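Worksheet: the structure to be examined is printed underneath.
In the working numbering, the protein residues as written are 10 to 154.
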(Lines of atoms letter the chains of each structure in order from A and count residues from 1; the text may use other names and numbers.)
(Lines give C-alpha, C1' and ligand atoms only; values in the text may rest on other atoms or scores of the structure.)
Protein backbone atom coordinates (compact mmCIF):
# COMPACT_ATOMS: atom_id res chain seq x y z
CA UNK A 1 0.00 0.00 0.00
CA UNK A 2 1.40 3.36 -0.91
CA UNK A 3 0.09 6.39 -2.77
CA UNK A 4 -3.36 4.92 -3.40
CA UNK A 5 -4.63 5.66 0.10
CA UNK A 6 -3.91 9.34 -0.47
CA UNK A 7 -4.51 9.80 -4.21
CA UNK A 8 -7.74 7.81 -4.54
CA UNK A 9 -9.09 8.31 -1.02
CA UNK A 10 -12.33 9.87 -2.28
CA UNK A 11 -13.38 6.56 -3.82
CA UNK A 12 -13.50 4.66 -0.54
CA UNK A 13 -15.48 4.66 2.67
CA UNK A 14 -13.47 5.84 5.67
CA UNK A 15 -13.50 4.55 9.20
CA UNK A 16 -11.98 5.74 12.47
CA UNK A 17 -8.69 4.22 13.58
CA UNK A 18 -10.36 2.13 16.29
CA UNK A 19 -12.18 0.13 13.59
CA UNK A 20 -8.83 -1.51 12.78
CA UNK A 21 -7.32 -1.91 16.26
CA UNK A 22 -7.92 -5.67 16.38
CA UNK A 23 -6.07 -6.35 13.12
CA UNK A 24 -2.75 -8.17 13.45
CA UNK A 25 -0.17 -7.90 10.69
CA UNK A 26 1.84 -10.90 11.85
CA UNK A 27 0.78 -13.00 8.85
CA UNK A 28 1.85 -10.35 6.35
CA UNK A 29 5.13 -9.75 8.15
CA UNK A 30 6.11 -13.42 8.37
CA UNK A 31 4.85 -14.71 5.03
CA UNK A 32 7.77 -16.64 3.48
CA UNK A 33 6.44 -16.82 -0.08
CA UNK A 34 6.08 -13.16 -1.07
CA UNK A 35 8.89 -10.77 -0.24
CA UNK A 36 10.80 -8.02 -1.98
CA UNK A 37 14.36 -6.78 -1.80
CA UNK A 38 14.63 -3.07 -2.56
CA UNK A 39 17.61 -1.29 -4.09
CA UNK A 40 19.00 -0.63 -0.59
CA UNK A 41 18.99 -4.37 0.25
CA UNK A 42 16.04 -4.04 2.61
CA UNK A 43 14.16 -7.33 2.96
CA UNK A 44 10.56 -6.15 2.65
CA UNK A 45 7.44 -8.17 3.52
CA UNK A 46 5.35 -8.64 0.37
CA UNK A 47 2.68 -5.99 0.81
CA UNK A 48 4.41 -3.73 3.33
CA UNK A 49 6.56 -1.23 1.42
CA UNK A 50 8.69 0.83 3.76
CA UNK A 51 9.14 -1.91 6.36
CA UNK A 52 12.53 -3.58 6.50
CA UNK A 53 13.00 -6.90 8.26
CA UNK A 54 16.75 -6.51 7.80
CA UNK A 55 19.57 -6.52 5.28
CA UNK A 56 18.91 -9.10 2.56
CA UNK A 57 22.65 -9.66 2.21
CA UNK A 58 22.49 -11.21 5.69
CA UNK A 59 19.54 -13.46 4.97
CA UNK A 60 20.43 -15.99 7.67
CA UNK A 61 19.85 -13.28 10.31
CA UNK A 62 16.33 -12.72 8.98
CA UNK A 63 15.34 -16.33 8.40
CA UNK A 64 16.72 -17.27 11.82
CA UNK A 65 14.20 -14.93 13.45
CA UNK A 66 14.04 -11.16 13.63
CA UNK A 67 14.87 -9.70 17.05
CA UNK A 68 12.03 -7.32 17.88
CA UNK A 69 13.81 -5.86 20.90
CA UNK A 70 15.20 -2.95 18.92
CA UNK A 71 12.31 -2.73 16.44
CA UNK A 72 9.34 -1.30 18.34
CA UNK A 73 7.22 -0.69 15.24
CA UNK A 74 7.56 -4.32 14.13
CA UNK A 75 6.91 -5.53 17.67
CA UNK A 76 3.70 -3.49 17.84
CA UNK A 77 2.56 -4.63 14.39
CA UNK A 78 3.11 -8.26 15.34
CA UNK A 79 0.55 -7.72 18.11
CA UNK A 80 -2.08 -5.48 16.48
CA UNK A 81 -2.69 -2.16 14.81
CA UNK A 82 -4.10 -1.03 18.15
CA UNK A 83 -0.65 -1.53 19.68
CA UNK A 84 0.99 0.44 16.86
CA UNK A 85 -1.54 3.24 17.32
CA UNK A 86 -0.95 3.28 21.08
CA UNK A 87 2.83 3.40 20.58
CA UNK A 88 2.53 6.26 18.10
CA UNK A 89 -0.01 8.35 20.01
CA UNK A 90 1.30 7.90 23.54
CA UNK A 91 4.98 7.80 22.75
CA UNK A 92 5.42 9.95 19.68
CA UNK A 93 2.55 12.43 19.31
CA UNK A 94 0.73 10.89 16.36
CA UNK A 95 -2.73 12.37 15.74
CA UNK A 96 -5.53 10.40 14.15
CA UNK A 97 -6.74 11.64 10.77
CA UNK A 98 -10.11 13.31 11.30
CA UNK A 99 -11.19 12.07 7.88
CA UNK A 100 -10.50 8.45 8.86
CA UNK A 101 -8.82 5.57 7.07
CA UNK A 102 -9.85 3.39 4.14
CA UNK A 103 -8.13 0.23 5.37
CA UNK A 104 -5.87 -1.22 8.06
CA UNK A 105 -2.93 -0.63 5.71
CA UNK A 106 -3.85 3.06 5.44
CA UNK A 107 -3.76 3.44 9.22
CA UNK A 108 -0.43 1.62 9.45
CA UNK A 109 1.10 3.61 6.62
CA UNK A 110 -0.01 6.97 7.99
CA UNK A 111 1.43 6.15 11.41
CA UNK A 112 4.69 4.98 9.84
CA UNK A 113 5.05 8.19 7.81
CA UNK A 114 4.76 10.14 11.07
CA UNK A 115 7.21 7.91 12.93
CA UNK A 116 9.78 7.81 10.13
CA UNK A 117 9.81 11.53 9.37
CA UNK A 118 8.63 13.34 12.49
CA UNK A 119 10.39 11.11 15.01
CA UNK A 120 13.07 9.10 13.20
CA UNK A 121 15.46 6.46 14.43
CA UNK A 122 13.36 3.39 13.61
CA UNK A 123 15.64 1.06 11.69
CA UNK A 124 12.69 -1.05 10.55
CA UNK A 125 11.21 1.96 8.71
CA UNK A 126 13.35 1.96 5.59
CA UNK A 127 14.12 3.40 3.16
CA UNK A 128 13.49 6.94 4.34
CA UNK A 129 13.17 8.05 0.71
CA UNK A 130 9.95 6.01 0.52
CA UNK A 131 8.50 7.98 3.41
CA UNK A 132 9.71 11.35 2.11
CA UNK A 133 8.09 10.83 -1.28
CA UNK A 134 4.92 9.44 0.26
CA UNK A 135 4.72 12.44 2.58
CA UNK A 136 4.78 14.75 -0.43
CA UNK A 137 1.94 12.80 -2.04
CA UNK A 138 0.01 12.84 1.25
CA UNK A 139 0.38 16.59 1.71
CA UNK A 140 -0.65 17.28 -1.87
CA UNK A 141 -3.70 15.01 -1.65
CA UNK A 142 -4.78 16.17 1.81
CA UNK A 143 -4.54 19.77 0.67
CA UNK A 144 -7.10 18.94 -2.00
CA UNK A 145 -9.39 16.86 0.21
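The beta-carbon is built from N, C-alpha and C at its ideal position, and this holds for glycine as well. Keep in mind it's a predicted model, so treat the numbers as computed, not measured.
- Counting only runs of at least 3 residues, the segment 117–145 fully encloses no beta strand (DSSP E) element at all.
- Following the DSSP letters along the chain, one finds residue 14 inside the alpha helix (DSSP H) bounded by residues 13–16.
- Here DSSP, grouped into helix, strand and coil, assigns residue 113 to helix.
- If you draw a 10 Å sphere on the C-beta of residue 48, you find fewer than 16 other C-beta atoms in it, and that means exposed.
- Cα atoms of residue 108 and residue 43: separation of roughly 32 Å, rounded to the nearest angstrom.
- Distance between residue 91 and residue 27, taken at the CA atoms: about 7 Å.
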